Structure formats: C-alpha cells, structure tokens
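If you read the protein sequences in the order shown, they are chains S and H.
The opening position of the first sequence corresponds to residue 6 in our numbering, with each subsequent residue numbered one higher.
The opening position of the second sequence corresponds to residue 6 in our numbering, with each subsequent residue numbered one higher.
Think of the CB as a built atom: it goes at the ideal place given N, C-alpha and C, for glycine as much as any other residue.
The structure presented is a predicted model; accordingly, all values stated were derived computationally and were not measured.
Protein chains: 2
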Amino acid sequence: MNPADPAAAVCPAPLPETERVLLGHGSGGRLSADLITRLLVPALGAAAPGGPLEDAAVLAVGECELAISTDAYVVDPLFFPGGDIGALAVHGTVNDLAMRAAMPVALSIAYVVEEGLPLDVLRRVATAVGAAAHAAGVPVVTGDTKVVGRGAADRLFVVSTGLGRRLPGPAPTAAGARPGDVILLSGPIGCHGVTVLSTREGLGFEADVASDTRPLHRLVATMLTAAGDGVHALRDPTRGGLASALNEIAAASGVGMEIEERALPVPEPVRAACELLGLDPAYVANEGCLVAFVAPGHADTVLTAMRAHPEGAGAVRIGVVTDGGPVVVRTAMGSRRVLDLLAGEQLPRIC
Amino acid sequence: MNPADPAAAVCPAPLPETERVLLGHGSGGRLSADLITRLLVPALGAAAPGGPLEDAAVLAVGECELAISTDAYVVDPLFFPGGDIGALAVHGTVNDLAMRAAMPVALSIAYVVEEGLPLDVLRRVATAVGAAAHAAGVPVVTGDTKVVGRGAADRLFVVSTGLGRRLPGPAPTAAGARPGDVILLSGPIGCHGVTVLSTREGLGFEADVASDTRPLHRLVATMLTAAGDGVHALRDPTRGGLASALNEIAAASGVGMEIEERALPVPEPVRAACELLGLDPAYVANEGCLVAFVAPGHADTVLTAMRAHPEGAGAVRIGVVTDGGPVVVRTAMGSRRVLDLLAGEQLPRIC
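Quick look at the structure:
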C-alpha cells in the first residue's frame, strides 16, 4: 500500500481488515469480489477486461464468436462420492462456458504436483479428466505439468481452461437480468459442498449424498433452443452457493430478487448436515446446477424443456427479479430476510 | 499399476525407477516426456490429443485457425533480475503460441495463493502480468483465484493460458524438421536459469546477468514474412534448455542434428556460473530465445530478418539437421559428443 505505487493510485482504498491474503479471498464471497475488483483488475491496467465479472469471457476472432474460461481446482480431498478433482475441473470449465451460451471445443489442463505424490493418484485424476472430457464431447488438446518439492504444494492442483464456440444469438450475461424475469433453478442445491466437507472431515453424511458435478452445456443448449434470447442471464452457483450467484447477478444487473424459500430444493441429507454444522444450504457450493433468469413469457417453455432433460429433471421456479433492493427470501412463514453476499469463507477448498 | 485398470492396458510399461512423482517429472527432460507419453496422455483415453507433443495445440473452429497453450509457473523466487513470475507467465504462453505461428489474442490467468501471502506481493505480480500483456498487445480476458491454507502451497503459483490466431500458411511443427535444414538460434542461452538459480541461492552471479524473459511473437511474424513455409519447426528452449529442445524436435521429426559448439552464444557470466556449479549451459532454461529449423534456401534471408529485429539481434546459425542418429555437438577441438536428453532435474522450479 505504498502511495508511490502506481497500482495504488488506481485502487486507492486499501482492502479491508487485512494486508495479507485470507482464505476468504478465495471463497467466492465479498472478499473474493474485493480482491478481484480492487486489486487484480486494477493491477492489470490497460490489459484488463472491461464489463461485469462473468463466468467466461466472450470474444470475437475474425468471424468466430468464442468464449474462454479458466478455473483453478484445489479441492481437498481429491476424491469424494460423485466425483474427484479431475471431473470437477472438466465440468466446472464446461459449465462456465455454457453460462455464456458457448459449447466447449477444446480443453487445456495444467497440473501442479507435489513431489512424492503416488503416480497412481495422478493417473486416477488424469483418467477422470479424460472420462469427463470424453463424456462432455470435448478433447483435451494441451496441458502442462509442474512438480514442486515436498511441502510446497498439498498433493495436486488442477487448472483447466476451456475454449468454447458461441451458439447463435446474444450471450446471456451477468448484467442481463431484468425486473419481472422468472428465476429458474435446474436442480437440488448443497450436495457438492456437503459431500466434500463431510468426506474431508469424516462426518458420515457422505454415505447419503454425493457431489452433483456434471456438465450442463447440453441442458443450456436445450434451454436456448426453447427460448432463444428469452434467457437473459445464466450462472452455475459454485463457490459461495446459490446466494452468492444471485447476489452477483443482482449487482451486475442493477436489480433485486425475491426468492421463495420453500421452492428451494434442498435434499434431506443436505438439510440435516447443514443443521448440524450451522451452514445455510443457500451458501453451499454446487457443481452441477444452474440458475437462469428468463423473460416471463418464456419461463414455462424453458422450465418444461429443462425438465425433459436429464440434467434438468428437478428444475423448479424459485422466484422473480424485482426492480431493485436486495435479494430477499420469503420464508415458509411469510417473513422476509435478506440473502446477502457472505464476507468470507464458509467452506474452504471446496472446489 | 493395477492390471484391472483400463489405463494400465493402454500404458503397460510401468514408469521407471519410481512409483511416486519426482521433481524430475517436471524438469522438461526424459522423466517429463515419460510422464506425458506413458501416463498422462494414455490416461486421457479417447479425449487425448493426437500427434507429436507441441508447445501449443492448433485447432480449427469454423473458419478460424486457432492455437491454444497452457503453462503452469512455480518459479522460486517470485521476483528476479529481468523478470518475475507474472512476466514469465505472459511471455511463456505468448511464446508457445508463437512457436506454432499464432499471434496472441487473449490470455487467461489463474492464481493459486497461499493464505498469508502479503497482498502487495500479489499486487506486484498482477501488475507485472498486466504490463507484460499490454506490451505484448494481448488482453487478459478472464481468470480465477484460489486460496489454500498456510503450508498447502509455497506462496503463489500462476497458470496462464493463451488463445492465438494462426498466421496464414502451414504451422511450424515439432515434426517438421528435415535433413539439410539450417538451425538458427535467436540469441544467447542460459541467462534465465542462471539468474533464477543464483538469485534463489544468493550466489552473486545475478549482479551480472538477468533473465531473458521476453515475448517472441513479433520476431516469429518477421521470420515467417521473410521465409513463409521455409520455417519448418520452431521451439523456445525453456525447461531443459537448448539441448532438450533440439532432442524433442529430433525425436518428433525422426532426424539427427549436428551443432557447432563454438557457435553457441553463452554470455561470460553464464559460462562462469555454469563452470562453478557444474552445469552445462545447453541444459539451462531460457525464456526469451527460440531455435528455428529453416530450409537451406531460406536460411540467410531468415537470419538477416531476425538480426534486424530487436528480439533477434544476436541471432546465429548453430548447426544443421542430419539424416538420422543423435543430436551431436562438434566441439571447438573437433571432437564430437552426443547432446542427450537429460533424465531428470538439473534445476528445479526454474519457471
């Protein structure tokens, strides 16, 4: 925070509470947003992207409408019911592309490996990457592997980047939600976060619940075919859960939202685990569902199309976009509470 | 190595010497090649890329000829004379695209950060990323940041992915070198590796030498304009140095090479450091030079074009491609020695 530092001139307000990186800076909550908007983007200077923060960047190369997205995976443990770090890396990137109406055409995978990791662990992860990519219909075209000494990394990190080709029509954007839009959710929430946490800590809930990690690009293609430009915004509620995704869209679009609590599909094991652990399922990470903001005239068509698709069989309508104000939840008893962006970390290393 | 494992059927020969990941698996030498060809690529199965291992993958999306490349950076220290991990991440990816005759159009940057890292360190790295990207004329369009607990990563790792647009004409390829091709080197070798090692260990050589990290795409464009499809193969000799790059091209192209030792430009501080440390400059990493395999009829034109360019001012002719056999060096005294691929790690965490 040296005032002579040119970056400080662009970003004068010091980041709150700390001069060091906290776990919460990677949480997907308010600290993450602060880190991005007040440090990382200003530091990039003239090389920084413009516009709202999106799951994937859209760009035109010649005649081609493309999208690109990168995600780092540091999940602990590496393997858990329903998935592993390799499947997560593929699905997360495929899904980020899909949220901008792009179908994946190529993936790259980078590994940072700790010296001493059993080769078989690396083989299992790479096999999972290959299987997930093949199932999603996308080749892994390039990659890189670096090894650091014992203790310089915790086993294995995976970074995946996806190149996608945009479907025709305008891309859904975080800034696209409009008052009156119907909010649709493709399936149950909380499964991924509870599964990873329970497996890591040996809590036992992992016997009854599994990660929802799955690719959503085919579901998105179905939705866009059903409604075209009636789908205004899409987001997969990963880190920070549904509540953070809703707040990000609300902020980028300059709108409010009203969510019906009883419409939220929370599986019983997730509810039980959250009650015991003092977590709110609305903030628990998902890796296989999406939230869509759809023009009211198209909502029923899109919902029907989603339910006809295996990845959207549990789709529900959860609320509406309002003119402004916060994201509020109407509880089963009729009261209203604000569903705010969490400051920091509810669950570290969940993806 | 469970024989029931489907991956084992594709990759029956166990990796030599170890069932665990060694530092050498990330060195760019023979262990790296083994890891890629005998574990990572077979594990990908149907999602694996075909063809030789290249710096960047070339792919067509509709009418667009694109290239994509990913690199993970784990260099220790983060800052050193001539550069830092941020500049390295930009230049390395820009250069990998350039080796396939692609000009960069977009970069993504992912950070894996250790909890407790001073925010100012992250800001300095992000500022360096932005400055290097701006100087290379490419925007950083997207990214991701994950934070892991203290001790779960060594400060900061950076993964960069670049999307490039292919220049017209066939892409140079690792398999493209032909007997009779002239081998050109764009500038001095060994500076990056010696600088990083000396800075890390406090050896003092870093007072007289600096990393050569720089973008090479404009030099490549100049070379291709001068010779078009006379440039058969290009490689930037990073991890594993010039010797590894020559061996990789020789293996992919099914050719041999004869290199003139006295033609190799080794700056005096690099020579002194290598003598003291028992290193061979031909195996020390570079981040700002390239080696080109050029049809004999085009070699003089390309060399002249390189020398007229700031990034190629020190370009020299270092040898010729032969019909087969190993990569050999003819020493100043007229003897010949084989310049083999190193098995493992000469210098860990150099990039």
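**Asked** Hey, is A94(H)'s beta-carbon within less than 9 Å of any beta-carbon in chain S?
**Response** Here residue 94(H) refers to the residue found at position 89 of the second sequence. Closer than 9 Å: no.
**Request:** Using a Cβ cut-off of 9 Å (strictly closer), state whether I194(H) contacts chain S.
**Result:** Indexing the second sequence from 1 puts residue 194(H) at position 189. Output row for I194(H): interface = no.
**Prompt:** What does S74(S) pair with, by DSSP beta-bridge criteria?
**Reply:** Residue numbering aside, residue 74(S) sits at position 69 when the first sequence is read from its first letter. BP columns for S74(S) point to G167(S).
**Message:** Taking 9 Å as the threshold (beta carbon to beta carbon), is R25(H) in contact with chain S?
**Reply:** Taking the first residue of the second sequence as position 1, residue 25(H) is located at position 20. Closer than 9 Å to some Cβ of chain S, the Cβ of R25(H) qualifies, so yes.
**Short CB-CB distance (under 9 Å) between D89(S) and chain H** = Translated into positions along the first sequence, residue 89(S) becomes position 84. No, its Cβ sits nowhere closer than 9 Å to a Cβ of chain H.
**Request:** Please say whether D149(S) and D81(H) have beta carbons closer to each other than 9 Å?
**Result:** Numbered from 1 along the second sequence, position 76 holds the residue referred to as residue 81(H). Numbered from 1 along the first sequence, position 144 holds the residue referred to as residue 149(S). Not closer than 9 Å, so no.
**Message:** Rounding to the nearest angstrom, what Cα-Cα distance links G198(S) and S165(H) in this structure?
**Reply:** Residue 198(S) sits at position 193 when you count from the first residue of the first sequence. Residue 165(H) sits at position 160 when you count from the first residue of the second sequence. Approximately 27 Å between the Cα atoms of the pair.
**Message:** For P272(S) and L229(S), I'd like the C-alpha separation in whole angstroms.
**Reply:** Working through the first sequence from its first residue, we reach residue 272(S) at position 267. Working through the first sequence from its first residue, we reach residue 229(S) at position 224. Those two C-alpha atoms are separated by around 28 Å.
**Asked** Residue range of the alpha helix (DSSP H) that R240(H) falls in?
**Response** For this step, residue 240(H) is matched to residue 235 along the second sequence. Careful: R240(H) lies outside any alpha helix (DSSP H), inside the beta strand (DSSP E) at V236 to R240.
**Asked** Taking all protein chains shown into account, do 16 or more other C-beta atoms lie within 10 angstroms of the C-beta of E24(S), making it buried, or fewer, making it exposed?
**Response** Taking the first residue of the first sequence as 1, we reach residue 24(S) at position 19. Flag for E24(S) reads exposed.
**Rounded distance between the beta-carbons of D217(H) and G192(H), thought under 8 Å** = Here residue 192(H) is taken as the residue at index 187 of the second sequence, counted from 1. Here residue 217(H) is taken as the residue at index 212 of the second sequence, counted from 1. With 8 Å as the limit, G192(H) and D217(H) qualify as a contact, their Cβ atoms being about 7 Å apart.
**Prompt:** So which residues on chain S does V334(H) lean against when the C-beta distance must stay under 9 Å?
**Reply:** Here residue 334(H) refers to the residue found at position 329 of the second sequence. In chain order: nothing, as chain S lies at least about 28 Å away.
**Asked** Which residues bound the alpha helix (DSSP H) around T178(H)?
**Response** Walking along the second sequence from the start, residue 178(H) turns up at place 173. Unbroken run through T178(H): none, as it is neither H nor E.
**Asked** What do you reckon, are the CB atoms on A48(S) and E253(S) nearer than 9 Å?
**Response** Translated into positions along the first sequence, residue 48(S) becomes position 43. Translated into positions along the first sequence, residue 253(S) becomes position 248. Against a cut-off of 9 Å, the Cβ pair of E253(S) and A48(S) comes out as no contact.
**Prompt:** Tell me the DSSP bridge mates of A111(H)?
**Reply:** The residue labelled residue 111(H) in the question sits at position 106 within the second sequence. DSSP lists L168(H) as partners of A111(H).
**Request:** Check distances from the C-beta atoms of the stretch 45–73 of chain S to those of chain H and list, in chain order, the residues that come in under 8 Å.
**Result:** L45, A48, L49, G50, A51, A52, A53, P54, E59, A61, A62, L64, V66, G67, E68, C69, L71 and I73
**Message:** Using the three-state DSSP reduction, which class does E68(S) fall into: helix, strand or coil?
**Reply:** Numbered from 1 along the first sequence, position 63 holds the residue referred to as residue 68(S). In the structure shown, E68(S) sits in coil (DSSP, three-state: anything other than H, G, I, E or B).
**Message:** I want to verify the contact list: residues of chain H whose CB lies under 8 Å from the CB of R170(S), in sequence order.
**Reply:** Here residue 170(S) refers to the residue found at position 165 when the first sequence is read from its first residue. Chain H residues near R170(S): V66 and G67.
**Request:** Determine the direct distance from the alpha carbon of E265(H) to that of V88(H), and round the result to whole angstroms.
**Result:** Here residue 88(H) refers to the residue found at position 83 when the second sequence is read from its first residue. Here residue 265(H) refers to the residue found at position 260 when the second sequence is read from its first residue. Correcting the residue type first, residue 88(H) is Gly in the shown sequence and not Val. Cα to Cα, G88(H) sits roughly 30 Å from E265(H).
**Message:** Using 9 Å as the threshold, is the C-beta distance between A107(H) and R170(H) below it?
**Reply:** In the second sequence, residue 107(H) corresponds to position 102, counting from 1. In the second sequence, residue 170(H) corresponds to position 165, counting from 1. Result yes, Cβ atoms of A107(H) and R170(H) sit closer than 9 Å.
**Message:** Just to confirm before moving on: does the CB-CB distance between G167(S) and I41(S) stay below 9 Å?
**Reply:** Counted from its first residue, the first sequence places residue 167(S) at position 162. Counted from its first residue, the first sequence places residue 41(S) at position 36. The answer is no: Cβ separation not under 9 Å.
**Prompt:** So F298(S) and A250(S) are in contact, right, with Cβ under 8 Å, and what is the actual spacing, rounded?
**Reply:** For this step, residue 298(S) is matched to residue 293 along the first sequence. For this step, residue 250(S) is matched to residue 245 along the first sequence. Going by Cβ atoms, the distance from F298(S) to A250(S) rounds to 11 Å, so no, they are not a contact pair.
**Message:** So, at 7 Å on beta carbons, what are the nonlocal neighbours of V236(H) in its own chain, with the 5 sequence-adjacent residues on each side left out?
**Reply:** As a first step, residue 236(H) must be located in the second sequence, where it is residue number 231. Around V236(H): P177, M228, L229, A297, V299 and V307.
**Request:** Let me know the alpha helix (DSSP H) ranges lying completely inside the stretch 273–334 of chain S, each 4 residues or longer, listed in chain order.
**Result:** 273–282 and 304–312
**Asked** Below 9 Å between beta carbons: does that hold for V275(H) and G195(H)?
**Response** Here residue 275(H) corresponds to residue number 270 of the second sequence, with the count starting at 1. Here residue 195(H) corresponds to residue number 190 of the second sequence, with the count starting at 1. Contact: yes.
**Request:** Would you mind stating whether E316(S) and R219(S) have Cβ atoms separated by less than 9 Å?
**Result:** Translated into positions along the first sequence, residue 316(S) becomes position 311. Translated into positions along the first sequence, residue 219(S) becomes position 214. Cβ distance < 9 Å, so E316(S) and R219(S) count as in contact.
**Pairwise C-alpha distance: A248(H) and G34(H)** = Residue mapping note: residue 34(H) aligns to position 29 of the second sequence, counting from 1. Residue mapping note: residue 248(H) aligns to position 243 of the second sequence, counting from 1. Taking the straight line from one Cα to the other gives about 10 Å.
**Asked** Nearest chain S C-beta to P11(H) closer than 9 Å, yes or no?
**Response** Within the second sequence, numbered from 1, the residue matching residue 11(H) stands at position 6. Interpretation of P11(H) is limited by its pLDDT of 38, a score under 50 that renders its predicted location unreliable; the figure taken from the coordinates is listed afterwards. Yes, because at least one Cβ of chain S sits closer than 9 Å to the Cβ of P11(H).
**Prompt:** Skipping 5 residues on each side, what residues in its chain have a beta carbon closer than 6 Å to that of V63(H)?
**Reply:** If you number the second sequence from 1, residue 63(H) lands on position 58. Here the set comprises A72, R105 and A176.
**Asked** Under the rule that 16 or more other beta-carbon atoms within 10 Å means buried, what is V334(H), buried or exposed?
**Response** Within the second sequence, numbered from 1, the residue matching residue 334(H) stands at position 329. Buried, by the Cβ-count rule.
**Message:** To the nearest angstrom, how far is the alpha carbon of I355(S) from that of G185(H)?
**Reply:** Translated into positions along the first sequence, residue 355(S) becomes position 350. Translated into positions along the second sequence, residue 185(H) becomes position 180. Straight-line Cα distance between these residues: approximately 55 Å.
**Asked** Where A212(S) and A277(S) are concerned, what is the direct C-alpha to C-alpha distance, given to the nearest angstrom?
**Response** Stepping through the first sequence from its first residue, residue 212(S) is reached at position 207. Stepping through the first sequence from its first residue, residue 277(S) is reached at position 272. One C-alpha to the other measures close to 13 Å.
**Request:** Give every residue of the same chain whose Cβ lies closer than 6 Å to the Cβ of T132(H), excluding the five residues on either side of it in the sequence, and list them in chain order.
**Result:** What you label residue 132(H) is simply residue 127 of the second sequence in a count that begins at 1. Nothing listed; no residue qualifies.
**Prompt:** In terms of residue numbering, what span does the beta strand (DSSP E) encompassing I264(H) cover?
**Reply:** Residue numbering aside, residue 264(H) sits at position 259 when the second sequence is read from its first letter. That run of the beta strand (DSSP E) goes G261 to E265.
**Request:** Kindly list the residues whose CB is nearer than 6 Å to the CB of V343(S), restricted to its own chain and excluding five residues on each side of it in sequence; keep chain order.
**Result:** Along the first sequence, read from residue 1 onward, the residue named residue 343(S) stands at position 338. Closer than 6 Å at the Cβ level, and outside the excluded window around V343(S), lie P331 and V333.
**Asked** Is any beta-carbon of chain H found at less than 9 Å from that of Y288(S)?
**Response** To locate residue 288(S), count along the first sequence from 1; it is residue 283. No, Y288(S) does not count as interfacial toward chain H.
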